[in-house]
Amino acid sequence: MEKHMAVCPYCGAGCKLDLLVQNGKVVGVEPLNGITNEGELCLKGYYGFDFINDTNILVPRLLHPMIRRKKGQPLERVSWDEALDFTAKKLQEIIDKYGPESVMLTGSSRGPGNEANFVMQKFTRACIGNNNIDNCARTCHGPSVIGLMDAVGSGAMSVSIPNMENADVIMLFGYNPSASHPIVARRIVKAKEKGAKIIVCDPRYIETARIADLYLPLKNGSNLAMMNAFCNIAVNEGLIDKNFIDEHVSGFDEWWETIKNYTPESVQDITGIDPELARQAVRMFATADNSIIGWGMGVTQQVQGVMVVHTIAAFACILNQIGRDNAGLAPVRGQNNVQGSCDMGMWPSLYPGYQKVNDPAIRAKFAKAWNVPEEKLSLKEGFKLTDLPHAVREGKIKAFYNFGEDGLQTEPDSIDMKNVLESLEFYISQDIFMTQSTALADVVLPGSSWGEHDGVFSASDRTFQRFTAAVSPPGEARHDWEIFQDLSTRMGYPMHYNNTEEIWNEVRELCPNFYGATYERMEGLGYAQWPVPKVDEPGATTLYKGGQFNRPDKKALLIPHDFKKPTEEPDDQYPLILCTVREVGHYSCRSMTGNCQALSGLADEPGYITMHPDDAAIRGIQDQQLVWAFSRRGKVITRADVTERCNKGTVYMTYQWWIGKCNDLTMHQTDPLSGTPEDKFSACQVEAIADQVCAENHMQDLYAKLKKRLADEAAPQNVALKSDPSMVAA
Amino acid sequence: MGNKFIAGNPNLCIGCGTCMAACMMEHPPIDGVPIPRLALIKTRQTSVPISCHHCQDAPCVASCPEQALYYEGTRVEVRENRCIGCSSCVLACPYGAIEIVLTTSTKTIGGVVYQNSRKPYVLKCDLCVSKPEGPACVSTCLTKSLKIVDEASIKTSTQDKRVKAAQAAEIAASQFELA
Amino acid sequence: MSQFIVVNPSKCIGCGTCLLACSAAHKEVGRQTNPRLNLVQTKEVSATVTCHHCQGAPCALVCPVNAIKFDGDMVVVDEKCCISCKMCALVCPFGAIKLSGTSVAGVAGIQVETPTFPKGTSDIIAWEIGVYAAAVKCDLCSFSKDGPACVNSCLTGSVQVIDKSHHKKLLNDKRIKASVELEAIAKDTSEGRNVLETRSVLQGGKTLDNKNSSEDRSNQ
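Protein chains in written order, with this note's numbering: chain A, 1 to 730; chain B, 1001 to 1179; chain C, 2001 to 2220.
(1) For Ser102 of chain A, collect the residues of the same chain with a Cβ closer than 8 Å to its Cβ; drop the 5 residues on either side in sequence, then sort them by chain order.
(2) Which of helix, strand or coil does DSSP assign to Glu713 of chain A?
(3) Could you have a look at Glu2044 of chain C and say whether DSSP puts it in helix, strand or coil?
(4) Quick one: Cα of Val2006 of chain C to Cα of Leu2019 of chain C, how far?
(5) Mind checking if Glu207 of chain A is an interface residue toward chain B, Cβ cutoff 8 Å exclusive?
(6) Counting only beta-carbon separations shorter than 8 Å, does Gly1096 of chain B have a partner in chain C?
(7) Please compile the residues from chain A whose C-beta is within a distance smaller than 9 Å of the C-beta of Asn1011 of chain B.
(8) What residue range does the alpha helix (DSSP H) around Leu216 of chain A cover?
(9) Since I believe Cys2092 of chain C is in contact with Pro2058 of chain C (beta carbons under 8 Å), could you give me their beta-carbon distance rounded to a whole number of angstroms?
(10) What's the call for Arg138 of chain A, buried or exposed, on a 16-neighbour Cβ count within 10 Å?
(11) Please compile the residues from chain B whose C-beta is within a distance smaller than 7 Å of the C-beta of Phe2094 of chain C.
(12) In this structure, how does DSSP classify Tyr175 of chain A when only helix, strand and coil are distinguished?
(13) Taking the DSSP output, what are the residues bridged to Phe383 of chain A?
(14) Candidates A:Cys11, A:Leu665, A:Met120: which alpha carbon is nearest Arg110 of chain A's?
(15) Closer than 8 Å, Cβ to Cβ, to anything on chain B: give me those residues from the region 640-652 of chain A, in chain order.
(16) Report the partner residues of Phe2094 of chain C according to the DSSP bridge assignment.
(17) Which residue's Cα is closest to the Cα of Leu2303 of chain C: C:Ser2179, C:Asp2078, C:Ala2135?
(18) For Ala225 of chain A, collect the residues of the same chain with a Cβ closer than 6 Å to its Cβ; drop the 5 residues on either side in sequence, then sort them by chain order.
(19) Taking C-beta to C-beta, are Pro1120 of chain B and Gly2072 of chain C nearer than 8 Å?
(20) Name the residue from C:Arg2036, C:Lys2177, C:Val2040 whose alpha carbon lies nearest to the alpha carbon of Ala2021 of chain C.
(21) Listing by chain order, which chain C residues have their CB less than 8 Å from the CB of Cys1083 of chain B?
(22) So the alpha helix (DSSP H) Gly147 of chain A belongs to, where does it begin and stop?
(23) DSSP state of Glu2191 of chain C, grouped into three classes?
(24) If I measure Cβ to Cβ from Lys2027 of chain C and keep anything under 6 Å in the same chain, skipping five residues before and after, which residues do I get?
(25) Quick one: does Asn2008 of chain C have its CB under 8 Å from some CB of chain B?
(26) Going by beta carbon distance, what residues of the same chain come within less than 6 Å of Gln669 of chain A, once the five residues before and after it are set aside?
(27) Do you know offhand how far Val2029 of chain C's Cα is from Gln1045 of chain B's?
(28) Quick check on Trp295 of chain A: does DSSP put it in helix, strand or coil?
(29) Please give me, in chain order, every unbroken run of the beta strand (DSSP E) with length at least 3 that falls completely inside the region 308-390 of chain A.
(30) Give me the Cα-Cα distance between Val306 of chain A and Gly475 of chain A, rounded to the nearest whole angstrom.
(31) If you draw a straight line from the alpha carbon of Lys648 of chain A to that of Asp202 of chain A, how long is it in whole angstroms?
(32) CB Ile309 of chain A to CB His181 of chain A, shorter than 8 Å?
(33) Can you name the residues that DSSP bridges to Cys2088 of chain C?
(34) Quick one: residues in its chain with C-beta nearer than 8 Å to the C-beta of Val2161 of chain C, no 5 flanking neighbours on either side, listed in chain order?
(35) How would you list, in chain order, the residues of chain B whose beta-carbon sits under 8 Å from the beta-carbon of Arg2036 of chain C?
(36) State yes or no: is the C-beta of Gly251 of chain A within less than 8 Å of the C-beta of Tyr544 of chain A?
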């Protein structure tokens, strides 16, 4: 039995594990004693590997390149040469006709790793010539990246995950680690065992609320009012650290002009929180030696996401609960390499290493390194992923290169998204599975999966860790970075890397903060936590030590905001608030976990809609029954999970399900400051279904039909190429 | 002799279901379908998995008309071939820790079906008796919420409590004297 | 899981009303009148025993003429096919299926002198001249839209029918109760130690999970 060291491909905790290989197949997983997971894994880590083996439980692996010569025709298997020449030609035609700005690309925040992303953004900038490169952080912690860069200088966790267990107080604001990062939830449980106090602010009674010392049942959509009130309490009760503010924080007086109006009494109707409870929470957080505040999608997927992040940073700064090992900010990044995507500059306004695209000096540096004239690299901020729908409709985006994403599943208003993808002039999708999004593409390129290539992931807390290949890619699947460099070469910008380490060394040269992270240093259980500018010095466990913020004046900035109500509030027709959340046993678009036997055995379509017993009773809905859920955008069948953990008036669906697809109901409304969708708040209604037997049959039928449709779409890859009679069918 | 079973600590449980996945995958599937033998329960206040207590005077053993359930040392064991799927054990168990799963098998000779039989299976925790490393749920639980409780551990815990109580009594007595 | 009749012995008063109701209901539709519940009265217990509609029913397995079959989850005796061989009665672990009616000698109304055993001796060998021979067992009164006659007639509410949804709820309620007990055990602590910790407090009270965590990082 061989063992190959890897990092889990699911959440951003960054758990180290060994892939066990026998007879060329991955047969199991063993945990390793990584710095963050300490020999533990969650169910996805243990049992989320068999998708590599093309189990066909949900959809087939992509094995051969395919193209659609004309829109509306079925996919046809072709050779790599033909696929990439076809792609290069079509892209060039579009660039010639509409300009380089008309091409949009998106990076992958999962299996491919940092090196593949780096090569893709280099292709985007040096070959295509635009900054239209983005990643799924746009729908996730984008507001945290943007908000924290504004307020404190770096858009990342300021503390490390292991140190979360050493805090005296942990406040979770709109964050459910038991579902999104079980290994982080483990740290919180350990903190509690060590005597820490836990404060949970969440509309639902999440797992952590059960062990919380204070639970604040925040009303959905009231975040900014609550955070402003917290800040108000902090100042009015004299809990702030005046010396720290004088030395390290700017903008206080102007900021207070707004915050002074937000007494907890004045916003009680909005937040639903008893002012005394709010005061207790602030006192607990403020007076502890070391407090950490963690937040997640509950903050970021709302229309005032960036503003709330500004205020969370303000709260930590005025209380001097920041810049120490066990005190600071914990926006725990979702996916296993979404931190990496941002680190690698898969961002319309940033190069790798968080260097700004509109900075002429930075542009000059990259132009020189990449051997292109400066004018080739655009100074203009590019399109965001969430700009795609209206930019396509306005004719600004003609071509879209989708890399390892399933936007039809994960973006809001999926019915509209389908129309958008179908109306593209040219659509390339590079993935490992025939997903719903890839099924619409004109060019389908099979990439190698996690487990089939080497690379580096960036965990949520800025920790670079290496992962290695355990088996070879199947069929003709190629490493993603090889595909990009091949395409780029065919389009006139040659790239020729021999392996991922070469690519990584180029990243290090261009990003001073990553320079100390060599492959050698990350060997085995090694890791490097950025900023790590020097090879022979440790990386930074903690940011902002001694109150040194990464902003130009080295101070944190307090930015005031007024509360605004969410966009689509419930009404008579759609009286329930719809909030989309996460499954613990499946991940994101579910193309990987849905192909794993254990994980799909534990949880399968149509998924659940969580509702409060009162809301269910009025509608005659019983627990576990199938129901209709619908909004102004669409209607789906799903299963009722009636529980007291849910708050009355709101229903929760997870975005993993293809039949019970909550994104058919959500709407495309974004935070103007970040472009992040308001997934956490829209209006919907739920209806009981009388004939349950008929409903179950219907649901199974829909599921079977979807699987068949996607299998059929991929079927051409199994037909041998006519041009090569010696080639055997896959 | 005491019984041995797996108990979960709701203070440490994060409701992730890793124990269920491990249990499913570490036992042979039934009719090709992997099924867990512990049930994760989530009420408002509590998340914790429930599994067989291997009771010393097990109602399930007493209720089984075919003696498909029997005692093997400190465990309640199952003779699968005797189960007739009458569900008496399911009703008898106070923990809801035992379930019957029905499978059907079709026997053919030369493509002709000569028997369509129904085979019920008793599904309950077997303490992973065939695994040298012990219960899969206990080893995979990332917060170490699941523990094996047996006579020895109960004795130790009980003794600890008595020692503490005795120590407390001593302090109380000394204070009392001073007063 | 199937539907079947269960009885709560603490409410049963041994009055036999269920037996009569069963017999009458079946007589009305022309079926065997031998009641399909069996009242047992020991020193401690009064209760009726009926067919469990076992999912792997041995009676179905053993019938040589395939008269006992599954109709969905219900085990059904086709009284016309039954040859009254008595195998099902022998194999049923509950004694819930029994023989009824006449022996071969009494068929077609021809009265022949045959030894007749009193019913009280054994269900299996008693017979009634003039009534066709067949195995009888609880059929959940599937012919009636009012459901099981025994359930409707029981004056103390001791006889109940249990089905899938009850079963699921019962399991769930029991598990919830068990989770409450575990919660109580976990709370029964000082400093977080409880019976679920297997390391003795006398050894310094360290938790089982003794790995280093933050120490490694700060020494990086």
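Even for Gly, the Cβ is constructed at its ideal location relative to N, Cα and C.
The short version:
(1) Ile94, Ile95, Lys396, Ile397, Lys398, Ala399
(2) helix
(3) coil
(4) 14 Å
(5) yes
(6) yes
(7) Val189, Lys192, Glu193, Arg210, Ile211
(8) That residue, Leu216 of chain A, is in no alpha helix (DSSP H); its beta strand (DSSP E) goes 214-216.
(9) 7 Å
(10) buried
(11) Pro1065
(12) coil
(13) Beta-bridge pairing links Phe383 of chain A to no other residue.
(14) A:Cys11
(15) Thr643, Glu644, Arg645
(16) None, per the DSSP bridge assignment.
(17) Within the shown structure, residues of chain C are numbered from 2001 to 2220, placing residue 2303 of chain C beyond reach of any answer.
(18) Val267, Ile270, Thr271, Phe563
(19) no
(20) C:Arg2036
(21) Gly2056
(22) 142-151
(23) In this prediction, Glu2191 of chain C scores a pLDDT of 44, lower than 50, which makes its location untrustworthy; the coordinate-derived value is nonetheless stated afterwards. Glu2191 of chain C: coil per DSSP, three-state reduction.
(24) Thr2033
(25) no
(26) Thr567, Glu678
(27) 53 Å
(28) strand
(29) 328-331
(30) 44 Å
(31) 13 Å
(32) The question names Ile, yet the displayed sequence has Val at residue 309 of chain A. No, they are not a contact pair.
(33) In the DSSP output, where bridge partners are listed per residue, Cys2088 of chain C has none listed.
(34) Gln2003, Phe2004, Ile2005, Val2006, Leu2140, Gly2147, Pro2148, Val2151
(35) Ordered by position in chain B, no residue passes the 8 Å Cβ test against Arg2036 of chain C, which lies about 16 Å from the chain.
(36) no
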